[in-house]
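**Q**
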Amino acid sequence: MTFEQLSIFVAVAEREHLTRAAAAIGLTPSAVSAAIRNLEAYYRVALFHRVGRRIELTMEGRLFLDEARATLARARAAELMLSELGGLSRGRLAVHASQTVASYWLPPLLMRFHAEYPGVELELTIGNTRSVAQAVNMGTADIGFVEGVVPEPALAVTKVADDALLVATAPDHPFADGRALSPGQLVEETGWVMREAGSGTRSTFEETLRRLGEDPARLRTVLTLPSNEAVLSAVAAGPCAAVVSGIAAAGRLHNGELVAANFALPARQFSLLRHKERRPSRAASMLEKMSRDVASVAKR
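For the sequence shown, position 287 (counting from the first letter as 1) is numbered 533 according to the working numbering, and the numbering increases by one without interruption.
1) May I have the straight-line CA-CA distance separating L518 from L370, to the nearest angstrom?
2) For I271 and S253, which I take to be in contact (beta-carbon distance under 8 Å), what is that distance rounded to the nearest angstrom?
3) Per DSSP, which residues does E369 bridge with? Please list them.
4) Compute the beta-carbon to beta-carbon distance between G385 and A319, rounded to the nearest angstrom, for a pair I have assumed lies under 8 Å.
5) What are the residues that DSSP puts in a beta bridge with T447?
6) So V511 is in the beta strand (DSSP E); what residue range does that whole segment cover?
7) Return yes when the Cβ of L504 is within less than 7 Å of the Cβ of A495, no when it is not.
8) Identify which residue in A269, P353 and E393 has its Cα closest to the Cα of T404.
9) Which term fits E260, buried or exposed, when burial requires 16 or more other beta carbons within 10 angstroms of its beta carbon?
10) For a test of the three-state rule: what should DSSP assign to R550, helix, strand or coil?
11) Does H295 come out as helix, strand or coil in the three-state DSSP assignment?
12) Quick one: Cα of R456 to Cα of V395, how far?
13) Between which two residues does the beta strand (DSSP E) carrying L590 extend?
14) Starting from the Cα of P472, find the closest Cα among I493, D423, V341 and Q345 and give me that residue.
15) As a quick exercise: from N508, A381 and V366, pick the residue whose alpha carbon is nearest that of H419.
16) Is T304 helix, strand or coil by DSSP?
17) What residue does the alpha helix (DSSP H) around L356 start on, and which one ends it?
18) Do you know whose CA, among G502, R336 and V468, lies nearest A482's CA?
19) Does the beta-carbon of G459 have 16 or more other beta-carbons within 10 angstroms, so that it is buried, or is it exposed?
20) Grab the span of the beta strand (DSSP E) containing G390 for me, first residue to last.
21) Going by the DSSP bridge assignment, what does G437 pair with across the sheet?
22) Could you compute how far the alpha carbon of A337 sits from the alpha carbon of L411?
23) Which of the three DSSP states is assigned to A321 in this structure?
24) Using 7 Å as the threshold, is the C-beta distance between R267 and A257 below it?
25) Look up L401 in the DSSP assignment and give the residues it is bridged to.
26) Throw me the rounded Cβ distance for the L352 and H360 pair, which I believe falls under 8 Å.
27) Based on DSSP bridge pairs, tell me the residues matched to D408.
28) CA-CA distance, E286 and A292?
29) Taking the continuous beta strand (DSSP E) assigned at V490, which residues delimit it?
30) Between the stretch 528-536 and the stretch 436-450, do three or more beta carbon pairs fall short of 8 Å?
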């Protein structure tokens, strides 16, 4: 058994999808599939059910997942300790981030970190708020960045930026006429393109509706899509609305491809996550400090 096989198994198990796992860890789907088959064949245990075109963890796979995560976390801790003994001239930093943060806010910060510490290898894994919090909690991520609420007492949450949310539609949608909209109209008068369950954008919108007395289960969801760009493209092409990040939609709003409807949504925060009981590596501490510096400059 190799650490690469363990990493592949965890990536597939967390997503229950070969192609998404392959994209997340930078391998081809065939390589990922072969690694899983080899692991199962060598130990004579089925880790996944193949159900049509889907895969699901078997009971044995679920039992093995916790041990695989713990083993990878211990190996990463040992590696970080050795790298710190030689300063930050070498090392590795595992960063997990939800899509909006990873696509729009985080890249300049990572470039700045790389410029200062070029010997530290940055591993960025993109998921949603739920999967990022889970990775930090389990120790497979050294540090996480999310845009959603994280009700996890084991994690320290530090605000690093603000992000506006808005209801976006195509220019010919009825909501694009500038009239003020009520929560009831959002529920009753349009279909919606939504992000997947676990997305920070979706959870913030649903919580806002609940506070305003509307049941988000009443929303007429036409499509559920796994990325900001997919949501934005679908809304621009069709008669539906979507709640999107202002930073993600800025380009399409500027060129007139999308319009912001007249419904106020609360701003949400981008947050840094780390585990309260794990001593952060020097690399993680420096990235956290850079994040705080960026937040401080933004406030000024």
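Don't be surprised by glycine CBs; every beta carbon is placed ideally from N, CA and C.
**A** Considering the structure as presented:
1) Approximately 14 Å between the Cα atoms of the pair.
2) Contact flag correct, Cβ pair sits at about 6 Å.
3) Answer by DSSP bridge pairing, in chain order: A340.
4) Confirmed, Cβ separation roughly 3 Å.
5) BP columns for T447 are empty, so no partner.
6) For clarity, residue 511 is Leu in the given sequence; the question names Val instead. Neither: L511 is in no beta strand (DSSP E) and is coded neither H nor E.
7) Yes.
8) Among A269, P353 and E393, the Cα nearest to that of T404 is on E393.
9) In summary, E260 is buried, with 16 or more beta-carbon neighbours lying within 10 Å of its beta-carbon over all protein chains present.
10) Nothing can be reported for residue 550: it is not among the residues displayed for the chain, which extend from 247 to 546.
11) DSSP places H295 in strand when its eight states are reduced to three.
12) Going by the C-alpha atoms only, they are around 15 Å apart.
13) Nothing about residue 590 can be read from this structure; the chain reaches only from 247 to 546.
14) Of the candidates I493, D423, V341 and Q345, the residue whose Cα lies closest to the Cα of P472 is Q345.
15) When C-alpha distances from H419 are compared across N508, A381 and V366, the shortest belongs to N508.
16) DSSP places T304 in the coil class of the three-state scheme, outside both helix and strand.
17) Element bounds for L356: L352 to E362.
18) Checking every option, the nearest Cα to that of A482 belongs to G502.
19) Flag for G459 reads exposed.
20) Annotation: the continuous beta strand (DSSP E) that includes G390 extends over I389 to V392.
21) Bridge partners of G437: R466.
22) Residue identity check: residue 337 is Gly in the sequence provided, not Ala. Using only the alpha carbons, I get a separation of about 37 Å.
23) Under the three-state reduction of DSSP output, A321 falls in the helix class.
24) One detail in the question is off: residue 267 reads as Ala in this sequence, not Arg. The Cβ atoms of A267 and A257 lie closer than 7 Å to each other.
25) Its beta-bridge partners are H521.
26) The distance from the Cβ of L352 to that of H360 is about 12 Å, inconsistent with a contact at the 8 Å cut-off.
27) Listed as beta-bridge partners of D408 by DSSP are Q515.
28) One alpha carbon belongs to E286, the other to A292, and they sit about 6 Å apart.
29) Unbroken beta strand (DSSP E) run through V490: A487 to S491.
30) Short answer: they don't touch.
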